[in-house]
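Once you know that position 107 of the sequence shown is 162 in the working numbering, the rest is easy, because the numbers rise by one and skip nothing. The structure appears right after this line, and notes come after that.
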Amino acid sequence: MRQVQEYSRAGLSGYSLVNNTPLTMSATVKMLPFIENGFRLHTSTPSFLGRDPDAIRLMREMGYDFDADKERCEGADILLDCCAELRGVKSAKAVAELTRTGVNVYKAEGVDKPVLSVDDSRLKALETFYGTSDGFIRAYKEFVSPQVKGKKFLLFGFGKVGKGILRGLLAEGARCTIVDTDETALSSPFGAGAKRVLSSEITAIGPLLRDHEVLVTATGRDSFLSGTPWAGEILASGIKLMNMGAADEFGPLFGEKDVVNGKKPINFQLKRPTLLKFLDPVFYAHNSVVALFHDGKLKPGLQPLPKEMDDALVREWHSFWKVDMSIFLSICPE
């Protein structure tokens with residue numbers, strides 16, 4: 056609600072916005088600073104996710120357009136993007152990107168306008184470490200099995216999302232093996248109870264598949280598994296497959312029926328994929344692109360969330376929720 060007050064100041068509401076983030080009922084709260092202050096707001100949702108009809112209905116009842124196919128986005132001044140799906144909007148003066156997948160796209164294509172990467176922040180790491188962890192475990196118990204303890208998980212990717220998932224699994228008593236392409240990532244002291252495998256050292260995937268019951272991807276790379284030499288063997292193994300990335304990390308060699316929830320992140324089967332307590336600071340940061348651009352605090356090109364804002368919001372969240380953050384702070388210190 057603080058941002059509702061902050062965005063009431065003169066000049067800000069003159070911008071036209073497109074919000075393309077997962078549109079759940081919890082996420083409608085993200086739009087309140089714009090709704091309450093009379094911004095011209097256009098809404099969509101990332102194409103890889105299902106659509107929450109209740110959230111769409113609510114936005115339309117309040118008089119805001121929901122543009123599923125992103126056909127009416129041209130003309131917007133500022134884009135609140137996810138997975139770089141709005142990168143073709145030529146009128147945009149500034150962009151905020153939520154995901155690593157999207158940041159990689161903007162980086163590869165090159166940008167001359169300001170693009171604020173919310174993914175390059177401790178806030179986003181906080182959301183994934185606690186929120187994605189919680190959402191994954193809730194979804195697994197509801198849609199796959201109430202029993203996690205003793206299950207054997209093979210986890211591809213040990214970045215922010217991977218660490219969060221590992222945190223949740225170890226807390227539930229699961230047995231885990233992590234696979235990553237980055238030796239430095241695997242050297243993290245976090246998650247000492249999990250085995251670690253450097254992907255370049257895998258000579259045969261068969262033993263790993265036979266020794267695990269569930270394979271989860273969290274690499275941040277589109278079509279990652281289809282680009283490996285193991286795709287056919289993984290498909291034939293019968294291991295349960297799950298994606299927790301913001302894009303289709305399995306790729307074209309895997310059909311929707313081969314992967315739980317049709318290759319979409321498993322937690323998005325839930326009405327509340329990530330609890331609002333974890334999303335709230337990230338929503339604030341994503342929305343902040345409007346004020347940062349208006350105040351001339353963004354430069355052309357890709358850039359991280361300002362460190363001062365990032366650290367202050369992490370401290371504020373910690374102070375409010377009183378969560379034990381000792382492990383998180385050892386991984387993501389100021």
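Glycine is no exception: its CB is placed at the ideal position from the N, C-alpha and C atoms.
- The DSSP-derived three-state label of PHE121 is strand.
- Here VAL369 has ARG177, LEU178 and LEU181 as same chain residues with Cβ atoms under 7 Å from its own Cβ, once five neighbours each way along the sequence are excluded.
- Annotation: CYS128 to ILE257 spans about 45 Å, alpha carbon to alpha carbon.
- Taken through DSSP and simplified to helix, strand or coil, LEU263 comes out as helix.
- Rounded to the nearest angstrom, the Cβ distance from LYS295 to VAL269 is 5 Å, consistent with a contact under 8 Å.
- The beta-carbon distance between LYS162 and LEU360, rounded to whole angstroms, is 16 Å. This is too long to meet the 8 Å contact definition.
- Taking a contact to require three or more Cβ pairs closer than 8 Å, the segment 134-149 and the segment 69-80 qualify as touching.
- In this structure, GLY214 lies away from GLY157, with their beta-carbon atoms at least 8 Å apart.
- Secondary structure note for PHE305: it is in no beta strand (DSSP E), with a DSSP letter that is neither H nor E.
- Counted as a single uninterrupted DSSP element, the stretch harbouring ASN75 is not any alpha helix (DSSP H) but the beta strand (DSSP E) occupying residues 71-75.
- Between VAL203 and GLY228, the C-beta spacing is below 8 Å.
- Secondary structure of ASN92 (DSSP, three-state): coil.
- Restricting attention to alpha helix (DSSP H) runs no shorter than 4 residues, the segment 216-297 encloses them at 238-241, 261-265 and 286-292, ordered along the chain.
- Cα atoms of LEU104 and ASP303: separation of roughly 10 Å, rounded to the nearest angstrom.
- Checking the DSSP bridge columns, you'll see LYS207 partnered with ARG230.
- DSSP assignment within the segment 166-202 yields the following whole alpha helix (DSSP H) runs of 4 residues or more, N-terminal first: 177-181 and 188-198.
- Secondary structure of GLU389 (DSSP, three-state): coil.
- Contact between ASP132 and SER71 holds, since their C-beta atoms are separated by about 5 Å, short of 8 Å.
- If you draw a 10 Å sphere on the C-beta of SER172, you find 16 or more other C-beta atoms in it, and that means buried.
- About 17 Å separates the Cβ atoms of PHE338 and ALA149, ruling out a contact at the 8 Å cut-off.
- The alpha-carbon separation between PHE89 and VAL271 amounts to approximately 36 Å.
- Under the three-state reduction of DSSP output, GLU61 falls in the helix class.
- Taking C-alpha positions only, ALA110 is separated from THR83 by approximately 7 Å.
- With fewer than 16 neighbouring CB atoms inside 10 Å of its own CB, MET80 falls in the exposed class.
- The residues LEU209, LEU270, GLU288, ILE289, SER292 and ILE294, in chain order, have a CB closer than 8 Å to that of LEU264 in the same chain once the five nearest residues on each side in sequence are set aside.
- A check of alpha carbon separations from ASP107 across PHE121, VAL170 and LEU384 identifies PHE121 as the nearest.
- The C-beta distance from SER68 to PHE94 rounds to 5 Å, short enough to meet the 8 Å contact threshold.
- PHE245 is the residue among PHE245, ASN92 and GLY118 whose C-alpha sits nearest the C-alpha of PHE184.
- Around the C-beta of LYS377, fewer than 16 other C-beta atoms lie within 10 Å, and the residue is accordingly described as exposed.
- Assignment of THR100 by DSSP, reduced to helix, strand and coil, places it in the coil class.
- Judged by their CB atoms, PHE333 and GLY186 are nearer to each other than the 8 Å cut-off.
- For PRO101, the CB contacts under 7 Å within the same chain, skipping 5 residues up- and downstream, are ASN75, PRO77, CYS137, CYS138 and GLU140 in chain order.
- Of the other Cβ atoms in all chains shown, fewer than 16 fall within 10 Å of the Cβ of ASP237; this residue is therefore exposed.
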